[in-house]
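Asker:
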Amino acid sequence: MTRTHYQTLGLTTNATSDQIKRAYRRLVKEHHPDVVPQLTQGGEERIRQINAAYEVLKNPSAREAYDGRIQRQQRPMSSTKPHNTVTDEATAVHLWTQQVYTPLNQALAKVLGSLRGQLRELSADPFDPDLMDDFVAYLEDCEQTLQSAQTIFRRSPNPSSMAGVASYLYYTLNHLEDGLEEFRYFSLNFDDRHLHTGQELFRRARGIRTEAIDAMRSTYAR
């Protein structure tokens, strides 16, 4: 049985906001790769689960929706209607693909596909105020696109069979947001470390998005 977000954080379903925050901070300290450099692949997956759980439970509206979903999943399922269950899942997958996955994937492609050209233009002279203004305008456009992408992502809960795809999309969004933040720092202090970190975060985001696409294809191929 899949662990719930509450179980991931070691909490009960009636945990308070403060308890959720304390549990998250404690677990991050125990499992974060910066604290445990020798983190294994299983440990990396653990920190992903912790982050995903906290992202939902810290938000009252997201937590309420999640609690409702847990309650529905825990209700006894009638053994006389197996066909309806399959049909409902297929319908949910179809709607989620149309309303969430496709537009979100397009937004991610827009942000990821435009970086190389922008950096090429900026590399001509990063200290040129006009070139930097163009780069900052590009960052603002990407930030707006990601805000829209976050809205799309929260539009509808993912069906259970799409949990893996949704997880990949979630981490792609997170990496892109962190990457844009690094580029912002670079535009303010011209420290190349921020530029390189931003590029690395975008590279990882691109790889995770590819995993989301592969997972989606694998799901439909079953």
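Going by our numbering, the sequence shown opens with residue 8, and the numbers climb by one from there.
All residues carry an ideal CB built from backbone N, CA and C; glycine is no exception.
#1: Would residue 101 be called buried (16 or more neighbouring beta carbons within 10 Å of its own) or exposed?
#2: Output needed for residue 26: all residues of its chain with C-beta closer than 7 Å, excluding positions within five of it in sequence on either side, in chain order.
#3: Residue 75: buried (16+ other C-beta within 10 angstroms of its C-beta) or exposed?
#4: Would you mind sorting residue 122 into buried or exposed? The rule is 16 or more other CB atoms within 10 Å of its CB.
#5: Go ahead and label residue 116 buried or exposed: buried means 16 or more other beta carbons lie within 10 angstroms of its beta carbon, across all protein chains shown.
#6: So, does the region 203 to 222 touch the region 178 to 191, judging by three or more C-beta pairs under 8 Å?
#7: Rounded to a whole number of angstroms, what is the C-alpha to C-alpha distance between residue 136 and residue 69?
#8: Label residue 174 either buried or exposed according to how many other C-beta atoms from any shown protein chain fall within 10 Å of its C-beta, with 16 as the threshold for buried.
#9: Exposed or buried, residue 195, counting other C-beta atoms within 10 Å across all chains shown (16 or more means buried)?
#10: Below 6 Å CB to CB, which residues in the same chain sit around residue 202 once its five sequence neighbours on both sides are set aside?
#11: Taking DSSP as the reference, what is the three-state secondary structure of residue 20?
#12: Quick one: is residue 20 buried, meaning 16 or more other Cβ sit within 10 Å of its Cβ, or exposed?
#13: For a test of the three-state rule: what should DSSP assign to residue 155, helix, strand or coil?
#14: Within a Cβ cutoff of 8 Å, which residues of the same chain sit near residue 23, ignoring the five residues on either side of it in sequence?
#15: From 158, 106 and 191, pick the residue whose C-alpha is nearest to that of residue 146; which is it?
#16: So, with DSSP's three-state summary, where would you put residue 230?
Answerer: For this structure:
#1: For this step, residue 101 is matched to residue 94 along the sequence shown. By the 10 Å Cβ count, residue 101 comes out exposed.
#2: Here residue 26 corresponds to residue number 19 of the sequence shown, with the count starting at 1. Correct list, in chain order: 18.
#3: Residue numbering aside, residue 75 sits at position 68 when the sequence shown is read from its first letter. Residue 75 is exposed by the Cβ-count criterion.
#4: Sequence index remark: in the sequence shown, residue 122 carries index 115 (1-based). So residue 122 ends up on the buried side.
#5: Taking the first residue of the sequence shown as position 1, residue 116 is located at position 109. That one is exposed.
#6: yes
#7: Within the sequence shown, residue 136 is the residue found at index 129, counting from 1. Within the sequence shown, residue 69 is the residue found at index 62, counting from 1. Cα to Cα, residue 136 sits roughly 42 Å from residue 69.
#8: Taking the first residue of the sequence shown as position 1, residue 174 is located at position 167. By the 10 Å Cβ count, residue 174 comes out buried.
#9: For the purposes of this step, residue 195 is taken as residue 188 along the sequence shown, with counting starting at 1. Label assigned to residue 195: exposed.
#10: Counting from 1 along the sequence shown, the entry for residue 202 is found at position 195. Closer than 6 Å at Cβ, skipping near neighbours: 193.
#11: Indexing the sequence shown from 1 puts residue 20 at position 13. Residue 20: coil per DSSP, three-state reduction.
#12: Taking the sequence shown and counting its residues from 1, the one referred to as residue 20 is at position 13. Exposed.
#13: By 1-based counting over the sequence shown, the position of residue 155 is 148. In this structure, residue 155 counts as helix in the three-state DSSP scheme.
#14: On the sequence shown, position 16 is the one that residue 23 refers to. Nothing meets the Cβ criterion.
#15: Here residue 146 refers to the residue found at position 139 of the sequence shown. Checked all of 158, 106 and 191; the closest Cα to residue 146 is 191.
#16: The chain is shown from 8 up to 229; residue 230 falls before or after that span and cannot be answered.
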